[in-house]
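Heads up: the structure comes next, in structure tokens.
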């Protein structure tokens with residue numbers, strides 16, 4: 336039996352470093368160049384990394400509210416997708432509409448609710464260039480790192496991971512959505528898309544929440560320290576280990592949920608802090624479709640066939656036939672570890 | 336800071352094929368040889384595969400109740416670990432006590448409850464050779480395959496996976512336990528052990544249920560078809576793909592729960608059905624500690640340091656700081672897939 340194809344041409348828009356000193360205009364110009372080139376190559380979706388508009392500022396401790404606010408896009412109950420019309424970002428979405436390409440953008444969101452209370456999130460949105468509107472929004476759930484800086488043993492002084500200081504954990508859960516008109520073939524169901532951000536990819540819970548919605552493409556932007564302080568060895572060995580864990584997480588999430596994943600990093604030496612590259616597209620068998628070869632701005636373009644998700648979803652990972660939720664209660668009833676009691680001996 | 340070591344010498348006892356025509360005595364003799372050799376090499380734990388005592392009979396459809404019963408060990412409410420004293424198995428446990436080694440054994444269990452009702456499980460037990468008793472029992476939760484045979488396209492006629500015909504899904508959940516006196520160093524807490532069987536290793540839920548109990552060693556016996564019918568390509572390519580998915584699953588389960596895993600197969604051509612080998616021990620970073628090199632009876636012995644679990648458990652996978660159970664409800668409230676609605680277009 337041949338399954339009719341559902342083809343989508345996608346582009347992972349890997350970005351080199353955004354230095355603290357870079358102007359927002361210069362960063363946006365690079366993003367427009369990537370978007371144009373992706374559209375020229377026939378891509379219908381361009382996936383930018385986590386916090387694509389700025390440096391990965393959680394490596395710094397910035398407490399001055401004025402300086403800090405510079406990194407955030409204000410949104411609110413009244414204007415929930417204000418970033419689309421923000422003077423310093425909107426050219427990206429105008430271009431997306433012109434070129435009829437969808438855009439995935441990671442950015443820092445400062446949200447003001449109905450009561451006037453403000454919370455900061457590490458967010459991503461999915462913008463349909465064809466329809467000219469946001470069709471999906473995600474706020475990072477698994478914030479890594481610490482609230483307070485860890486004493487710096489590296490001497491580099493820029494090796495912090497302070498996301499727990501800057502951001503509130505996302506409150507939107509893992510809500511998959513359909514990307515209107517994204518597949519070349521219409522009438523076979525619009526692609527089912529889910530978004531995760533960086534550290535989320537290490538958490539099987541996140542992938543499975545999307546898998547349980549039939550996800551076909553997971554979008555994953557990241558900024559991942561290359562010289563990970565928890566690893567031993569030379570900087571090169573540390574970078575290899577960080578890349579190994581990155582790939583392992585994405586590969587296994589894709590395989591066990593029978594979906595494609597588009598994993599896109601900001602990379603290179605950013606403000607003295609090294610970030611891994613390794614932007615990569617996996618297929619539903621966990622195989623590499625395409626990957627980046629540089630540590631700078633680079634497009635990874637591929638045409639993927641969503642029909643390839645069917646085999647896994649209907650056989651090994653046919654959830655309705657194989658999952659036994661009665662034994663999974665611990666997953667939600669318990670946050671941390673509860674060890675078996677020590678033996679009396 | 337140096338973490339005091341907690342060393343354990345373990346042996347994965349990979350087994351070559353158990354042919355349908357093999358006597359139970361001949362199979363037990365091979366197992367005793369493996370156990371002795373493991374003990375000679377200083378192992379304190381010997382891990383045998385899934386359904387170690389027989390052929391992987393779910394590749395056959397056997398409906399004759401007499402013939403079928405041959406594959407099962409009867410246990411009951413009155414005698415819950417009867418396999419330990421079964422005339423055709425007990426020599427294994429006697430030897431375990433003599434040599435003071437622990438044994439993990441996969442076997443088919445026919446359980447009779449208080450009401451006299453009988454259910455069949457794909458089971459594993461953990462026997463403490465030092466204490467001379469069973470300290471853990473597990474019944475396979477994720478039964479793969481089908482109830483009825485799939486029309487055979489291979490012409491081999493032995494390529495079925497009928498576990499859903501033979502077995503009831505396990506009812507014991509994923510209960511970790513302490514292995515008394517297993518570590519060389521006493522007084523630092525006995526090792527925390529969990530058991531999964533074969534297809535369970537593809538399910539992140541199983542690993543995480545153990546991770547949430549602080550598991551340090553996951554034991555995983557398997558019988559995995561090498562010429563997987565869902566894969567394309569030559570038999571060699573199919574075997575490579577089956578091994579790839581086996582390794583990916585075990586590697587990612589170990590990494591994301593910061594535990595060792597001892598994955599042990601029955602392998603080779605069994606009753607005309609090829610099984611992958613690839614017995615392998617992973618460390619908490621997802622790296623290979625040791626692996627088998629043959630497709631037959633083979634011991635993979637390694638000394639592992641459980642202190643190496645601490646790094647992952649205290650940092651990247653410090654569950655209490657990072658998990659957000661409020662967003663995981665879908666994992667238990669929903670067995671199968673619920674897709675986002677089709678767009679009106």
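Residue numbers (my numbering), protein chains in the order written: chain P, 336 to 680; chain E, 336 to 680. Don't be surprised by glycine CBs; every beta carbon is placed ideally from N, CA and C.
Contact defined as beta carbons within less than 8 Å: I believe residue i pairs with residue j. What is the distance between those atoms, to the nearest angstrom?
i                      : j                      : result
residue 694 of chain P : residue 584 of chain P : One cannot answer for residue 694 of chain P here, as it falls past the ends of chain P, which runs 336 to 680.
residue 688 of chain E : residue 449 of chain E : Since the first residue of chain E shown is 336 and the last is 680, residue 688 of chain E is not available in this structure.
residue 388 of chain P : residue 419 of chain P : Their Cβ separation, rounded to whole angstroms, is 13 Å, which puts residue 388 of chain P and residue 419 of chain P out of contact at 8 Å.
residue 478 of chain E : residue 509 of chain E : No, residue 478 of chain E and residue 509 of chain E are not in contact; Cβ-Cβ is about 15 Å, not under 8 Å.
residue 670 of chain E : residue 660 of chain P : 5 Å
residue 557 of chain E : residue 594 of chain E : With 8 Å as the limit, residue 557 of chain E and residue 594 of chain E do not qualify as a contact, their Cβ atoms being about 17 Å apart.
residue 592 of chain P : residue 542 of chain P : 5 Å
residue 365 of chain E : residue 632 of chain E : 6 Å
residue 475 of chain P : residue 555 of chain P : Not confirmed; about 11 Å, so no contact.
residue 460 of chain E : residue 481 of chain E : In fact, because the Cβ distance is near 27 Å, the residues do not count as touching under 8 Å.
residue 436 of chain E : residue 379 of chain E : 6 Å
In terms of residues, what are the limits of the alpha helix (DSSP H) holding residue i?
i                      : result
residue 317 of chain P : Chain P is shown from 336 up to 680; residue 317 of chain P falls before or after that span and cannot be answered.
residue 550 of chain E : That residue, residue 550 of chain E, is in no alpha helix (DSSP H); it is neither H nor E in DSSP.
residue 363 of chain E : 359-375
residue 508 of chain E : It is not in any alpha helix (DSSP H) - residue 508 of chain E carries neither H nor E in the DSSP assignment.
residue 428 of chain P : 425-434
residue 588 of chain P : 570-592
residue 667 of chain E : 665-668
residue 657 of chain E : 654-657
residue 498 of chain E : 498-501
residue 633 of chain E : Not the alpha helix (DSSP H): residue 633 of chain E falls in the beta strand (DSSP E), residues 633-640.
residue 645 of chain P : 644-649
residue 404 of chain P : 400-404
In whole angstroms, give me the CA-to-CA distance for residue i and residue j.
i                      : j                      : result
residue 430 of chain E : residue 652 of chain P : 40 Å
residue 665 of chain E : residue 529 of chain P : 14 Å
residue 415 of chain P : residue 421 of chain P : 12 Å
residue 355 of chain E : residue 391 of chain E : 9 Å
residue 551 of chain P : residue 641 of chain P : 6 Å
residue 673 of chain P : residue 511 of chain E : 10 Å
residue 348 of chain P : residue 574 of chain P : 21 Å
residue 369 of chain P : residue 382 of chain P : 10 Å
residue 507 of chain E : residue 441 of chain E : 15 Å
residue 643 of chain P : residue 407 of chain E : 39 Å
residue 446 of chain E : residue 427 of chain E : 21 Å
residue 612 of chain E : residue 634 of chain E : 12 Å
residue 367 of chain P : residue 579 of chain P : 31 Å
residue 577 of chain P : residue 363 of chain E : 44 Å
residue 531 of chain P : residue 601 of chain E : 38 Å
residue 444 of chain P : residue 343 of chain P : 29 Å
Please list the terminal residues of the continuous beta strand (DSSP E) segment that includes residue i.
i                      : result
residue 471 of chain E : 468-474
residue 610 of chain E : 608-610
residue 441 of chain E : 437-447
residue 385 of chain E : Segment: none, residue 385 of chain E is in no beta strand (DSSP E) and carries neither H nor E.
residue 674 of chain P : Run containing residue 674 of chain P: none; DSSP gives neither H nor E here.
residue 600 of chain P : 595-600
residue 347 of chain P : 342-349
residue 532 of chain E : 527-532
Under 8 Å Cβ-Cβ, which residues of chain P neighbour residue i?
i                      : result
residue 660 of chain E : 666, 667, 668, 669 and 670
residue 346 of chain E : None at all; the shortest Cβ gap to chain P is about 23 Å.
Going along chain E in order, which residues have a C-beta closer than 7 Å to the C-beta of residue i?
i                      : result
residue 539 of chain P : 539, 543 and 591
residue 678 of chain P : 513, 515 and 525
List, in chain order, every chain P residue whose beta-carbon is nearer than 7 Å to that of residue i.
i                      : result
residue 674 of chain E : 527, 548 and 549
residue 570 of chain E : Residues of chain P passing the Cβ test: none, with the nearest at roughly 17 Å.
residue 508 of chain E : 662
What does residue i touch in chain P if you count any residue whose Cβ is under 9 Å from its own?
i                      : result
residue 562 of chain E : Residues of chain P passing the Cβ test: none, with the nearest at roughly 15 Å.
residue 393 of chain E : The contacting residues do not exist; residue 393 of chain E stays about 15 Å from chain P at best.
Please list the partners that residue i has in chain E, where partner means a Cβ-to-Cβ separation under 8 Å.
i                      : result
residue 512 of chain P : 675
residue 504 of chain P : 659
With respect to 7 Å, is the separation between the Cβ of residue i and the closest non-hydrogen atom of the ligand ADP below this value?
i                      : result
residue 433 of chain E : Although the ligand ADP was asked about, the structure shown includes no ligands whatsoever.
Could you list the residues in the region 415-426 of chain P with a C-beta less than 8 Å from some C-beta on chain E, going in chain order? Residues of the region 415-426 of chain P with a Cβ closer than 8 Å to any Cβ of chain E: none.
Chain E contacts from the region 635-656 of chain P (Cβ-Cβ distance under 9 Å): Those would be 646, 647, 648, 650, 651, 652, 653, 654, 655 and 656, in chain order.
What residues in the region 524-535 of chain E have a beta carbon less than 7 Å from any beta carbon of chain P? Under the 7 Å Cβ criterion, the region 524-535 of chain E contributes 524, 525 and 527.
Given a limit of 8 Å on CB to CB distance, which residues of the region 450-481 of chain E reach chain P? Taking 8 Å as the cut-off between beta carbons, the residues of the region 450-481 of chain E near chain P are 476, 477, 478 and 479, in sequence order.
Proximal residues, the region 579-603 of chain E versus chain P, C-beta separation under 8 Å: For the region 579-603 of chain E, which is checked against every Cβ of chain P, the residues closer than 8 Å are 579, 580, 583, 584, 586, 587, 590 and 591.
Please identify, using Cβ separations under 7 Å, the residues of the region 618-636 of chain E that lie next to chain P, in order along the chain. For the region 618-636 of chain E, residues whose beta-carbon sits nearer than 7 Å to a beta-carbon of chain P comprise 621.
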